[in-house]
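To keep things clear, I will list the structure first and then write my remarks on it.
Protein chains: 2
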Amino acid sequence: MTSDDTPKARARAVRADVRRNRARLLAAARETFERDGAGASLEAVARGAGVGIGTLYRHFPTRQDLLEALLAGVYDDLAAAARDLMVTPAPDEALMTWLRTFISEVTAFPGMAASAMVSLQDERPEPSRSWRAMHGAGEALFARAQRAGDAPAGVSFTDVLRLAGAIAAVTEREPVAAGRLLSLAATGVMPGKAR
Amino acid sequence: MTSDDTPKARARAVRADVRRNRARLLAAARETFERDGAGASLEAVARGAGVGIGTLYRHFPTRQDLLEALLAGVYDDLAAAARDLMVTPAPDEALMTWLRTFISEVTAFPGMAASAMVSLQDERPEPSRSWRAMHGAGEALFARAQRAGDAPAGVSFTDVLRLAGAIAAVTEREPVAAGRLLSLAATGVMPGKAR
Numbered sequence: 011m012t013s014d015d016t017p018k019a020r021a022r023a024v025r026a027d028v029r030r031n032r033a034r035l036l037a038a039a040r041e042t043f044e045r046d047g048a049g050a051s052l053e054a055v056a057r058g059a060g061v062g063i064g065t066l067y068r069h070f071p072t073r074q075d076l077l078e079a080l081l082a083g084v085y086d087d088l089a090a091a092a093r094d095l096m097v098t099p100a101p102d103e104a105l106m107t108w109l110r111t112f113i114s115e116v117t118a119f120p121g122m123a124a125s126a127m128v129s130l131q132d133e134r135p136e137p138s139r140s141w142r143a144m145h146g147a148g149e150a151l152f153a154r155a156q157r158a159g160d161a162p163a164g165v166s167f168t169d170v171l172r173l174a175g176a177i178a179a180v181t182e183r184e185p186v187a188a189g190r191l192l193s194l195a196a197t198g199v200m201p202g203k204a205r
Numbered sequence: 011m012t013s014d015d016t017p018k019a020r021a022r023a024v025r026a027d028v029r030r031n032r033a034r035l036l037a038a039a040r041e042t043f044e045r046d047g048a049g050a051s052l053e054a055v056a057r058g059a060g061v062g063i064g065t066l067y068r069h070f071p072t073r074q075d076l077l078e079a080l081l082a083g084v085y086d087d088l089a090a091a092a093r094d095l096m097v098t099p100a101p102d103e104a105l106m107t108w109l110r111t112f113i114s115e116v117t118a119f120p121g122m123a124a125s126a127m128v129s130l131q132d133e134r135p136e137p138s139r140s141w142r143a144m145h146g147a148g149e150a151l152f153a154r155a156q157r158a159g160d161a162p163a164g165v166s167f168t169d170v171l172r173l174a175g176a177i178a179a180v181t182e183r184e185p186v187a188a189g190r191l192l193s194l195a196a197t198g199v200m201p202g203k204a205r
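If you read the protein sequences in the order shown, they are chains A and B.
Numbering follows the numbering used here, in which position 174 of the first sequence is assigned residue number 184; successive positions increment by one, without gaps.
Numbering follows the numbering used here, in which position 145 of the second sequence is assigned residue number 155; successive positions increment by one, without gaps.
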């Protein structure tokens, strides 16, 4: 029995295989969704990854599971971006930059923003670790803007994120319109007329 | 030949029949969409109206055509509501009331707001007469709030409507959340920090 043939080594090989398939499925999903939108054929995703549809469903029982897994990578990047922005001098600029990045990242393919918004419903399912990391890092950025007097107290960051997500969802392929709507939401349709 | 049997009378009868079918299809569509969402089976709509699927497609070649026809009735009501609000004393309250009504009206069934938003894309198809009427009446309300100093100059009403539509689309079945997000968009995430 060589060292490659012990039960431990075989289990390790299986796990490596599972990880590799998962990574391939995610790469193929991103590519397929960027071409055909979030409603793209899952068979096409499996084909792109070079695995059977059964393997896809073992990794991702539902389309939303696959979308959430793709989004997890995006949320990790956004969490890192928020942490980087914490050390920039202007809290208002930092928050706006991050919200613009958020909108741009969650509109990489049609239907992506709508999928991200599932985590922001009032009766949302348990959010993922990546989502919570992004939410926490973004919230710190928002709290800093609140302390600086740039953002109103008493507003929940979840609502800020939800408003940005709403803009993302309706402007998917129109980055210019997204920027305009974000500016409007930032300055307010009726500033100073709180109600 | 009786008066009911002239070519003119026959044509009139056919037109009445066409109008009746159209009205039945719209009523059945509203009911079916409220139950199953905007993606509901069009066969179920035709069945509900007591007509064949061919008749449905003659009236509404695509699902979006059917949705637009349903929305036209909503837009007419919203145009009337905006005109009524023009004579109320507080321009800011009037605008907020109308935006709240807009959100509530375009979320009567899942997928309705997303469908309404098609008319607000930067590269939008030719908007319907009803849409233009609503846009014009809402714009007058917004212009009055601008003149009163309640809303910023230089903002397009289309963007205001689009922001409200975005909120509607992500909060479809959550009126409380819709109200919170509309208030946030009204007062601004970062009021006074125009950019």
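Virtual Cβ for every residue (Gly too), placed ideally from N, Cα, C.
Whose C-beta lies closer than 7 Å to the C-beta of V55 (chain B) among residues of the same chain, with five residues either side of it excluded?
-> Correct list, in chain order: L35, A38, A39, T42 and L66.
Can G198 (chain B) and T197 (chain A) be called in contact, C-beta distance under 9 Å?
-> Yes, the Cβ-Cβ distance between G198 (chain B) and T197 (chain A) is below 9 Å.
With DSSP as the reference, label T65 (chain A) as helix, strand or coil.
-> Three-state DSSP puts T65 (chain A) in a helix.
Since V116 (chain B) contacts Q74 (chain B) with CB under 8 Å, what's their CB separation in whole angstroms?
-> Incorrect: roughly 15 Å between the Cβ atoms, too far for contact.
heavy atom of the ligand ADP below 8 Å from A54 (chain B) C-beta = Ligands are entirely absent from the displayed structure, and the ligand ADP is therefore not among its contents.
Presumed contact (8 Å Cβ cut-off) between S125 (chain B) and A82 (chain B), rounded CB distance | That belief does not hold up - the Cβ atoms of S125 (chain B) and A82 (chain B) are roughly 12 Å apart, past 8 Å.
For T98 (chain A), which of helix, strand or coil comes out of DSSP?
-> The three-state reading of DSSP puts T98 (chain A) in coil, since its state is none of H, G, I, E or B.
For the alpha helix (DSSP H) containing D27 (chain A), list its first residue and its last residue.
-> Membership of D27 (chain A) in the alpha helix (DSSP H) is indicated by the continuous run P17 to D46.
Can you tell which of A:R57, A:R157, A:F70 and A:G47 has its C-alpha closest to the C-alpha of R29 (chain A)?
-> Measuring from the Cα of R29 (chain A), the nearest candidate turns out to be A:F70.
At 8 Å on the CB atoms, spell out the chain B contacts of T72 (chain A), in chain order.
-> Within chain B, no residue has its beta carbon less than 8 Å from that of T72 (chain A); the closest one is some 17 Å off.
Flag R157 (chain A) as yes if its beta-carbon sits less than 9 Å from any beta-carbon of chain C, otherwise no.
-> Reference to chain C is not applicable here, since the protein chains of this structure are A and B.
Which two residues bound the contiguous alpha helix (DSSP H) that contains V55 (chain A)?
-> Taken as a continuous stretch (DSSP letters only), the alpha helix (DSSP H) holding V55 (chain A) covers L52 to A59.
Boundaries (first-last residue) of the alpha helix (DSSP H) holding M122 (chain B) = From DSSP, the alpha helix (DSSP H) with M122 (chain B) extends over M122 to M127.
9 Å Cβ cutoff met for P201 (chain A) and P201 (chain B) = Yes, Cβ-Cβ distance for P201 (chain A) and P201 (chain B) is below 9 Å.
How long is the line joining the alpha carbons of F112 (chain B) and V170 (chain B), rounded to whole angstroms?
-> Rounded to the nearest angstrom, the gap between the Cα atoms of F112 (chain B) and V170 (chain B) is 11 Å.
What does R190 (chain B) reach in chain A if we use C-beta pairs closer than 7 Å?
-> Below the 7 Å Cβ cutoff, chain A contributes D169 as neighbours of R190 (chain B), in chain order.
C-alpha gap between G148 (chain A) and R93 (chain A), whole angstroms | So the alpha carbons of these two residues sit roughly 8 Å apart.
Simplified DSSP assignment, three categories, for P201 (chain A) | Collapsing the DSSP output to three states places P201 (chain A) in coil.
Chain A within 9 Å of M122 (chain B), Cβ atoms only | Look at M122 (chain B): its C-beta is not under 9 Å from any C-beta on chain A.
Helix, strand or coil: which one does DSSP assign to T72 (chain A)?
-> T72 (chain A) sits in coil when the DSSP states are folded into three classes, being neither helix nor strand.
Per-residue DSSP class, three states only, for G189 (chain B) | DSSP places G189 (chain B) in helix when its eight states are reduced to three.
Sufficient close CB pairs (3 or more, under 8 Å) joining the segment 145 to 159 of chain A to the segment 95 to 110 of chain A | Yes, the segment 145 to 159 of chain A is in contact with the segment 95 to 110 of chain A.
Measuring CB to CB, does A123 (chain B) end up less than 9 Å from A178 (chain B)?
-> Less than 9 Å divides the Cβ of A123 (chain B) from the Cβ of A178 (chain B).
Does the beta-carbon of V24 (chain B) have 16 or more other beta-carbons within 10 angstroms, so that it is buried, or is it exposed?
-> Exposed is the label assigned to V24 (chain B), since fewer than 16 other Cβ atoms lie within 10 Å of its Cβ.
Go to E149 (chain A), then tell me how far its alpha helix (DSSP H) extends in each direction, as first and last residue.
-> Where E149 (chain A) is concerned, the enclosing alpha helix (DSSP H) stretches over R139 to R157.
What do you reckon, are the CB atoms on R172 (chain B) and A174 (chain A) nearer than 9 Å?
-> Between R172 (chain B) and A174 (chain A), the CB-CB gap reaches or exceeds 9 Å.
Answer yes or no: do A163 (chain B) and M96 (chain B) have a C-beta to C-beta separation smaller than 9 Å?
-> For A163 (chain B) and M96 (chain B), no; Cβs fall outside 9 Å.
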